[in-house]
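Novice: This is the structure I want to talk about, given as structure tokens.
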Amino acid sequence: MREITDNWEELYETEVSQKLRHFSREGRMYDCLFAQQLTRELLEELFTIADNLRKITKTKEGADHASSLLSDKRAMLYFVQPSTRTFLSFLNACHLLGIKTSEIRDTSTSSEVKGESSEDTVRTFSSYVDLIIMRHPTPGFVEKTAWLMNRTKRPVPVINAGSGKDQHPTQALLDVYTLHKSFDGEIDGKKIVMVGDLKRGRTVRSLSYLMKNYKNVSLAFVSPKEFKMEPDILGFLKKHSIPYVETADFMSVMPEADAIYMTRIQDEHDTSGESRKVDYSPFYFKKEHLKIIKPSCVIMHPLPRRDEIETAVDEDPRAIYWRQERNGMWVRAAMISYIFKTNEKIIECCISNVSKILYDT
Amino acid sequence: MREITDNWEELYETEVSQKLRHFSREGRMYDCLFAQQLTRELLEELFTIADNLRKITKTKEGADHASSLLSDKRAMLYFVQPSTRTFLSFLNACHLLGIKTSEIRDTSTSSEVKGESSEDTVRTFSSYVDLIIMRHPTPGFVEKTAWLMNRTKRPVPVINAGSGKDQHPTQALLDVYTLHKSFDGEIDGKKIVMVGDLKRGRTVRSLSYLMKNYKNVSLAFVSPKEFKMEPDILGFLKKHSIPYVETADFMSVMPEADAIYMTRIQDEHDTSGESRKVDYSPFYFKKEHLKIIKPSCVIMHPLPRRDEIETAVDEDPRAIYWRQERNGMWVRAAMISYIFKTNEKIIECCISNVSKILYDT
Amino acid sequence: MREITDNWEELYETEVSQKLRHFSREGRMYDCLFAQQLTRELLEELFTIADNLRKITKTKEGADHASSLLSDKRAMLYFVQPSTRTFLSFLNACHLLGIKTSEIRDTSTSSEVKGESSEDTVRTFSSYVDLIIMRHPTPGFVEKTAWLMNRTKRPVPVINAGSGKDQHPTQALLDVYTLHKSFDGEIDGKKIVMVGDLKRGRTVRSLSYLMKNYKNVSLAFVSPKEFKMEPDILGFLKKHSIPYVETADFMSVMPEADAIYMTRIQDEHDTSGESRKVDYSPFYFKKEHLKIIKPSCVIMHPLPRRDEIETAVDEDPRAIYWRQERNGMWVRAAMISYIFKTNEKIIECCISNVSKILYDT
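Protein chains in written order, with my numbering: chain A, 1306 to 1666; chain B, 1306 to 1666; chain C, 1306 to 1666.
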């Protein structure tokens, strides 16, 4: 039997790498909670599933097959923090796989009777479903839910769709998937430029972290001095011998970049309006920059954007942020597929589809 | 390739008939935005689809067939203006056809991060779906969304479910469909009486407009003098030689009517409480009037009603406003079917169903 | 033809047993409105359906069969009173059976245009669906909806999911189903202890009432003197010769109990803070009590709980309140199945599944 620590506080304080086994079964990830769970091997597997899903759903027959894969499953999307983007992406990922969905989007409804603990509330809602996809403002709450579920007689897997400021593993996943797609599967050896508010941007931090999975990647961090990448990530990169430069001169790193990852200023984390004092305009990508970058360079953004990327840039084929967003749906569907171990059925269908195409033409 | 004007303002100012081609593909309507798109030919086609859908869904087998037609599609219902009636009607139309749905019903959630343009927001949401059904308070916003979508590499069709005060084409469609059903397909030659606040009622204006598709129809406009039909519609009728009379004497036109279209006073458009100054009671349909009208006359109302129609009238078979409302679901399902070109599959199924019935009995 | 009284007020004042026939068809319950409709025969039938549904949905094939049973149906969940628990349970019951769902959860959206009567609103929404599941704060409103629907040309069945303080029949149903499951179908002869705020708890009142369906059941009511069971229920028990005791000494009745039904204090019904004056702690079930009760005794709670049951009790196999909650989904699915007469198809599938298992092994 799996050993689950009885003491939540103790587990929570444990270093992430040490507690991953509490959230896996039979050597596979069971709950998706941390970016640290995304090893290269798992990433490759998820990308293959996502690619296959895209492939088979190009025909109606394939799409109907995909939506039969998990047609016996019910998921709860528990999103008590506003997030339409991630919410819709997960919802449609469920729809792709035929999963039926229930939504909780408002704490006022869910805590209807005062005095029920939030643990009881979540356990209640889990009674009716086979999967919980959860976004919560409190750091650790999603992890605690997974821990609690694993202690019950009827555990259901939990996917973290954003938990406080700390973890949002499927966002990191979709970013790496987008790099993977853009480089035909070859992230090794690429130069990636990250631009903007690197200090407070969760996405650039996770993406930097995940680069440890690839060989000979080099990074450039472009930011105003007030919002430089934090020392913990820089230390991590040094430890893993991942070369990086820091600069405030965006133009200087553009010509060599294989990917430029733009971010907006995270002023929702301001404590005293510090964002307003910073001139962010040197960290904008403008139409004129399209002439400077490589023909193969891709421009990414986790969205929503403000003025960091001129809308005129959208029409350039190298602007892939809309595709990046759409990738989120596919790779989340892949994650859910993986958790329910349906991936092999997708591949089988793919093979039979391809042979059908071969024979029919 | 289709030519899409680059300048939105210019396109928006263009006369409707001149811009329809920007919203069609291969000679078919692609986005449903304007009542002006509803030609007689298209109306007849949509009515046939709606009739066939009703027919096949009478059996479970037929209903299951209907809900397999678009089972590979996902729709977004973007309704940021309250409208439960139209919303539910579209939602269930999607369900009929097996389309999976996502809902955006609250701008506060969707514009969660301030600073994102509404164009970006809509484009984001469209990433995950194959169809956008949109209701928006800003005139032209739905049209602009369709225009924007058509400029992207991954356009999805857009259906207008009510855009400002100007356009609500599927409401007009369901009204004409109800006439069509009531008259066994023969709208030509009928006398239609429209009653109430004709000045500010969007439905009576659109319905009058669509009468140009039929032969020898005559209209009577019954209203208080404050809320008479606007000159633009009267001019349009004259231009197309559609005879009409205007009167405040409801009783005088009742005996000849083939259809009586009742409307409520549109006091939400009052600027200084002008509705309260008008005696609306002569424009009520009462139980006693049932004796005056033709045995074949139908009583319609776009609903919701207040006191314009006594509830005692509901039980008369000529009171068809509840059926009219239900028609909305069917004809919207037909519209979606048409857009995705699945109509032929419905007809096939109908034929095979009919032959099955013939052989089985 | 069924006779439906024309006068709502008159019908509403009629004693429940006298009006049941207005809500049945062909000798079967058509609308589920009152606990009084739950005869022993009907209960047994619903329990069999629920058991069969659980059995067949253990395999993907069975689950897919279950969700094909009512795949041609559309339901509206009209929950204008907050209730996530009951809502999710019904929603997932619909999903289990393949029913497509629409939700109305907010009166402000539904009564968007002032002046529409709530009867018209409900009739509107019913236009698009085949089933209404309704929770409403106004006593009698759900019943009135069913009465109105039955008078239209297109009636749809109505299920009461909680109507004012008076009726919540599916809660009573799930409680009896839980007893049935816990006692292997033998509720006859059992000793059931109900604990807490018995005066104002709707669940204990309904459960007591339904005990009339079983033989030789005896009850113990444990409560503070301020919240004793009301005389109407006590009178009912005397009339049906169901023995009961009343006590404030919880410990004294624990050792003999076959089931202990815990409830929380219903302080939302306080008129002047009377709950705060009562010492509720003698009516808590604590970990130490696990030693006192029978090895076969079950501990139930309608949830949500506060402090009435220590969380340490949750891990004891006799604590079945989480299973009780999950039972709600199954037995509600059974109720919907029954109303649409699909129960026989479930049983057939069950039989063929069982024979498949027999032959395959």
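For every residue, glycine included, the Cβ atom is placed at its ideal position computed from N, Cα and C.
Computed from a predicted model, the values in this text were never measured in an experiment.
Can you look up residue 1648(A) in the DSSP assignment and give me helix, strand or coil?
Specialist: Locating residue 1648(A) in the first sequence gives position 343, where the first residue counts as 1. It is helical.
Novice: State the start and end residues of the unbroken alpha helix (DSSP H) segment that holds residue 1556(C).
Specialist: Residue mapping note: residue 1556(C) aligns to position 251 of the third sequence, counting from 1. Element bounds for residue 1556(C): 1555–1558.
Novice: Tell me, please, which residues DSSP counts as bridged to residue 1337(B).
Specialist: By one-based count along the second sequence, residue 1337(B) stands at place 32. BP columns for residue 1337(B) point to 1464(B).
Novice: Are the C-beta atoms of residue 1630(C) and some chain A residue less than 9 Å apart?
Specialist: Numbered from its first residue, the third sequence carries residue 1630(C) at position 325. Yes - at least one Cβ of chain A is within 9 Å of the one on residue 1630(C).
Novice: Unbroken alpha helix (DSSP H) runs of length 4 or more, entirely within the stretch 1503–1569 of chain A: which are they?
Specialist: Segments of the alpha helix (DSSP H) lying fully in the stretch 1503–1569 of chain A: 1507–1515, 1536–1544, 1555–1558.
Novice: If the cut is a Cβ gap below 8 Å, which residues of chain A does residue 1574(C) touch?
Specialist: Against the third sequence, residue 1574(C) aligns to sequence position 269. Residues of chain A passing the Cβ test: none, with the nearest at roughly 12 Å.
Novice: Once you ignore the five residues that flank residue 1350(C) on each side, which residues in its own chain have a CB closer than 8 Å to its CB?
Specialist: The count along the third sequence starts at 1 and reaches residue 1350(C) at position 45. Within the same chain, residue 1350(C) has close Cβ partners 1643, 1648.
Novice: What did DSSP end up calling residue 1665(B) once you bin it into helix, strand or coil?
Specialist: Indexing the second sequence from 1 puts residue 1665(B) at position 360. With a pLDDT of 49 at residue 1665(B), under the threshold of 50, the modelled position of this residue cannot be trusted; read the value that follows with caution. It is helical.
Novice: Below 8 Å on the Cβ atoms is my contact criterion, and I expect residue 1569(C) with residue 1630(C) to pass it. Report the Cβ-Cβ distance as a whole number of Å.
Specialist: Translated into the one-based positions of the third sequence, residue 1569(C) becomes position 264. Translated into the one-based positions of the third sequence, residue 1630(C) becomes position 325. The pair is not a contact, with the Cβ atoms about 14 Å apart (cut-off 8 Å).
Novice: By DSSP's criteria, residue 1407(C) is part of a beta bridge. Which residues make up the other side?
Specialist: For the purposes of this step, residue 1407(C) is taken as residue 102 along the third sequence, with counting starting at 1. In DSSP, residue 1407(C) forms a bridge with 1381(C).
Novice: By Cβ distance below 7 Å, which residues in the same chain neighbour residue 1485(A) in space, the five residues on each side in sequence not counted?
Specialist: Within the first sequence, the letter at position 180 stands for residue 1485(A). Correct list, in chain order: 1352, 1492.
Novice: Taking residue 1500(C) as part of the beta strand (DSSP E), name the residues at either end of that continuous run.
Specialist: Against the third sequence, residue 1500(C) aligns to sequence position 195. Counting along the chain, the beta strand (DSSP E) containing residue 1500(C) begins and ends at 1496–1500.
Novice: Beta carbon of residue 1508(B), beta carbon of residue 1471(B): below 9 Å?
Specialist: Working through the second sequence from its first residue, we reach residue 1508(B) at position 203. Working through the second sequence from its first residue, we reach residue 1471(B) at position 166. Cβ atoms of residue 1508(B) and residue 1471(B): not closer than 9 Å.
Novice: Just how far apart, CA to CA, sit residue 1501(A) and residue 1536(A)?
Specialist: As a first step, residue 1501(A) must be located in the first sequence, where it is residue number 196. As a first step, residue 1536(A) must be located in the first sequence, where it is residue number 231. If I take the Cα positions, the gap works out to 16 Å.
Novice: Determine, for residue 1392(A), whether the minimum Cβ-Cβ distance to residues of chain C falls below 9 Å.
Specialist: Here the question's residue 1392(A) lines up with position 87 in the first sequence. No, its Cβ sits nowhere closer than 9 Å to a Cβ of chain C.
Novice: Could you tell me the alpha carbon to alpha carbon distance between residue 1459(A) and residue 1453(A), rounded to whole angstroms?
Specialist: Residue mapping note: residue 1459(A) aligns to position 154 of the first sequence, counting from 1. Residue mapping note: residue 1453(A) aligns to position 148 of the first sequence, counting from 1. Their Cα atoms are separated by approximately 11 Å.
Novice: Which residues in chain A sit within 9 Å of residue 1407(B), going by Cβ to Cβ distance?
Specialist: Taking the second sequence and counting its residues from 1, one reaches residue 1407(B) at position 102. Neighbours of residue 1407(B) on chain A, chain order: 1392, 1393, 1396, 1397, 1400.
Novice: Let me make sure I understand the geometry here. Which of 1608(A), 1319(A), 1641(A) has the alpha-carbon closest to that of residue 1389(A)?
Specialist: The count along the first sequence starts at 1 and reaches residue 1389(A) at position 84. Comparing Cα positions, the closest option is 1608(A).
Novice: Using CA coordinates, which residue listed in 1576(B), 1525(B), 1578(B) is at the minimum distance from residue 1555(B)?
Specialist: Working through the second sequence from its first residue, we reach residue 1555(B) at position 250. Answer by Cα proximity: 1525(B).
Novice: Between the stretch 1613–1622 of chain B and the stretch 1319–1330 of chain B, do three or more beta carbon pairs fall short of 8 Å?
Specialist: These segments do not touch.
Novice: Give the straight-line distance between the Cα atoms of residue 1611(A) and residue 1572(A), rounded to the nearest whole angstrom.
Specialist: Translated into the one-based positions of the first sequence, residue 1611(A) becomes position 306. Translated into the one-based positions of the first sequence, residue 1572(A) becomes position 267. Their Cα atoms are separated by approximately 12 Å.
Novice: On the criterion of 16 or more Cβ atoms from any shown chain inside 10 Å, does residue 1553(C) qualify as buried, or is it exposed?
Specialist: Here residue 1553(C) refers to the residue found at position 248 of the third sequence. Exposed, since its Cβ has fewer than 16 Cβ neighbours within 10 Å.
Novice: For residue 1445(A), I'd like the list of residues in its chain whose CB is within less than 6 Å of its CB, leaving aside the five on either flank, ordered along the chain.
Specialist: Taking the first residue of the first sequence as position 1, residue 1445(A) is located at position 140. 1317, listed in sequence order.
Novice: Within 9 Å of any Cβ in chain B, is that where the Cβ of residue 1416(A) sits?
Specialist: Within the first sequence, residue 1416(A) is the residue found at index 111, counting from 1. Because residue 1416(A) carries a pLDDT of 48, less than 50, the predicted location of this residue cannot be relied on, and the following value inherits that uncertainty. So no, residue 1416(A) is outside the interface.
Novice: With a cut-off of 9 Å, does the C-beta of residue 1350(B) fall near any C-beta of chain A?
Specialist: Within the second sequence, numbered from 1, the residue matching residue 1350(B) stands at position 45. Not one chain A Cβ lies under 9 Å of residue 1350(B).
Novice: I need the DSSP call for residue 1473(C), collapsed to helix, strand or coil.
Specialist: The sequence position of residue 1473(C) within the third sequence is 168, counting from 1. Three-state result, residue 1473(C): coil.
Novice: With the cut-off set at 9 Å, would you say residue 1289(C) and residue 1436(C) are in Cβ contact?
Specialist: There is simply no residue 1289(C) to check, as chain C begins at 1306 and stops at 1666 in what is shown.
Novice: Comparing C-alpha positions only, which one of 1548(B), 1561(B), 1515(B), 1506(B) sits nearest to residue 1534(B)?
Specialist: Taking the first residue of the second sequence as 1, we reach residue 1534(B) at position 229. The shortest Cα separation from residue 1534(B) among 1548(B), 1561(B), 1515(B), 1506(B) belongs to 1506(B).
Novice: What does residue 1376(B) touch in chain A if you count any residue whose Cβ is under 7 Å from its own?
Specialist: As a position in the second sequence, residue 1376(B) is number 71, starting the count at 1. Near residue 1376(B) (Cβ distances below 7 Å), the residues of chain A are 1369, 1372.
Novice: Hey, quick one: how far does the beta strand (DSSP E) through residue 1441(C) stretch, first residue to last?
Specialist: On the third sequence, position 136 is the one that residue 1441(C) refers to. Counting along the chain, the beta strand (DSSP E) containing residue 1441(C) begins and ends at 1436–1441.
Novice: Take every Cβ of the stretch 1387–1402 of chain C, pair it with every Cβ of the stretch 1335–1350 of chain C, and state whether three or more of those distances are shorter than 8 Å.
Specialist: Result no; under three Cβ-Cβ pairs closer than 8 Å.
Novice: Give a yes or no on whether the C-beta atoms belonging to residue 1422(C) and residue 1633(C) are separated by under 9 Å.
Specialist: Looking up residue 1422(C) in the third sequence gives position 117. Looking up residue 1633(C) in the third sequence gives position 328. No, the Cβ-Cβ distance between residue 1422(C) and residue 1633(C) is not below 9 Å.
Novice: What in chain A is Cβ-close to residue 1366(B), meaning under 7 Å?
Specialist: If you number the second sequence from 1, residue 1366(B) lands on position 61. Simply none; closest approach about 17 Å.
Novice: Note down the Cα distance separating residue 1651(B) from residue 1361(B), rounded to an integer number of angstroms.
Specialist: Position 346 of the second sequence, counted from the start, is the residue given in the question as residue 1651(B). Position 56 of the second sequence, counted from the start, is the residue given in the question as residue 1361(B). Roughly 8 Å between the two C-alpha positions.
Novice: Does the Cβ-Cβ distance between residue 1334(B) and residue 1478(B) come in under 9 Å?
Specialist: Numbered from its first residue, the second sequence carries residue 1334(B) at position 29. Numbered from its first residue, the second sequence carries residue 1478(B) at position 173. Their beta carbons are not under 9 Å apart, which means residue 1334(B) does not touch residue 1478(B) by this criterion.
Novice: Tell me, please, whether the CB atom of residue 1494(B) is closer than 9 Å to any CB atom in chain A?
Specialist: For the purposes of this step, residue 1494(B) is identified with residue 189 of the second sequence, where counting begins at 1. With 9 Å as the cut-off, residue 1494(B) does not count as an interface residue toward chain A.
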